[in-house]
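Asker: Have a look at the structure that comes next, please.
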Amino acid sequence: MYLGLPTKTSELTDLNAVRGWFEEQVNLEEEMVLIGHSIGGDLAAYLACHYVQVKGLLLLDGGFYNMDNIQTLEQELAEAEQFLKETQFDSLEVAIAQEQCQASFWSENLDRVVAESLVERNGKFKLNLELAIVLNLLRLRRQFQGAIHLLDGLPVHLYLPDLGEETPEFKKEALDQLPIDVEVTYLSGCGHSMYTDAPHHVAQVVGLFIRSLE
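Quick look at the structure:
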């Protein structure tokens, strides 16, 4: 089951609200595997700490580093707000062409992904994200980050883009502090957006991880 991010500010007021949102999305009578990318990895690790139904955790370039070691919350919020304001396109065609030019892999499915991620406002196509929700999520991340260090005996696999010497220093330091039972695998030919840069490869490793839990 795919879980999109919360779409109401009321679902992001505090950690209790986040857990309430999660419980409305899933069947807690069934076991589950959580998969999280980027900030979704932090959230998935936090939820895995609170629900015994989670039998495995798969992280895609996220959920393992502390944002407090990178920048202040105020800086992060300001950058996020500026990014949302500046990201706009004259048309869907322009947006798709720009994304395709920067991508290492492309398909018609990604055409649809780009189109569905944008909304027209005042004659421009902008990211279909509500600023208040994004900022609330970033604030809450400072509270639920670091949960990967609280997991006890849960199978956790972290997949990272193989950047070699270009790996940021904050990631290297975070990797040195990972719990010893977290398995780490590097994937070549992709960047932070692993699931769009190398979708077939990511699908394969996800399948292997899930089967390993059976």
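Everything in the sequence shown is counted per the numbering used here, starting at 2 for the first residue and increasing by one.
Think of the CB as a built atom: it goes at the ideal place given N, C-alpha and C, for glycine as much as any other residue.
Look at the alpha carbon of Phe-84 and the alpha carbon of Lys-172, and state the distance between them as a whole number of angstroms.
Answerer: Position 83 of the sequence shown, counted from the start, is the residue given in the question as residue 84. Position 171 of the sequence shown, counted from the start, is the residue given in the question as residue 172. If I take the Cα positions, the gap works out to 22 Å.
Asker: Give, in chain order, every unbroken run of the alpha helix (DSSP H) that is at least 4 residues long and sits entirely within the region 22-106.
Answerer: With a minimum length of 4 residues, the continuous alpha helix (DSSP H) runs that stay inside the region 22-106 are 40-51, 74-87, 93-103.
Asker: Between Phe-90, Gln-146, Trp-107, which lies nearest to Asn-129 when the distance is taken from Cα to Cα?
Answerer: As a working note, residue 129 is residue 128 in the sequence shown. Closest by alpha carbon: Phe-90.
Asker: Provide the residue span of the alpha helix (DSSP H) that contains Glu-174, from first to last.
Answerer: To locate residue 174, count along the sequence shown from 1; it is residue 173. It spans 170-177 - the alpha helix (DSSP H) in which Glu-174 sits, taken as one unbroken run.
Asker: Identify whether Val-135 lies in helix, strand or coil by the three-state DSSP scheme.
Answerer: Translated into positions along the sequence shown, residue 135 becomes position 134. If DSSP states are grouped into helix, strand and coil, Val-135 belongs with the helices.
Asker: Taking the CB atoms as reference points, tell me whether Gly-304 and Leu-214 lie closer together than 7 Å.
Answerer: Because the chain here runs from 2 to 215, residue 304 falls outside it and cannot be looked at.
Asker: Quick check: Ala-1 and Gly-21, are their CB atoms within less than 7 Å of each other?
Answerer: For the chain, the structure presents residues 2 to 215; residue 1 sits outside this window and is missing.
Asker: If you count every other CB in all the chains shown that lies within 10 Å of the CB of Gln-146, and 16 or more means buried, which is it?
Answerer: As a working note, residue 146 is residue 145 in the sequence shown. Buried: at least 16 other Cβ atoms inside 10 Å.
Asker: Which residues in the same chain have their Cβ closer than 6 Å to the Cβ of Leu-203, if we skip the five residues on either side of it in sequence?
Answerer: For the purposes of this step, residue 203 is identified with residue 202 of the sequence shown, where counting begins at 1. According to the sequence shown, residue 203 is Val rather than Leu. Met-195, Tyr-196.
Asker: Do you know offhand how far Leu-74's Cα is from Arg-143's?
Answerer: The count along the sequence shown starts at 1 and reaches residue 74 at position 73. The count along the sequence shown starts at 1 and reaches residue 143 at position 142. Going from the Cα of Leu-74 to the Cα of Arg-143 covers about 8 Å.
Asker: Could you say if the region 120-136 and the region 6-21 meet the contact criterion of at least three C-beta pairs nearer than 8 Å?
Answerer: Short answer: they touch.
Asker: Can you name the residues that DSSP bridges to Lys-125?
Answerer: Reading the sequence shown from its first residue, position 124 is the one you call residue 125. Lys-125 is bridged to Arg-122.
Asker: In angstroms with no decimal places, state the Cα-to-Cα distance between Leu-139 and Leu-152.
Answerer: As a position in the sequence shown, residue 139 is number 138, starting the count at 1. As a position in the sequence shown, residue 152 is number 151, starting the count at 1. When rounded, the distance between both Cα atoms is 22 Å.
Asker: When DSSP builds the beta bridges, which residues end up paired with His-158?
Answerer: To locate residue 158, count along the sequence shown from 1; it is residue 157. According to DSSP, which records beta bridges pairwise, His-158 is partnered with Leu-59, Glu-184.
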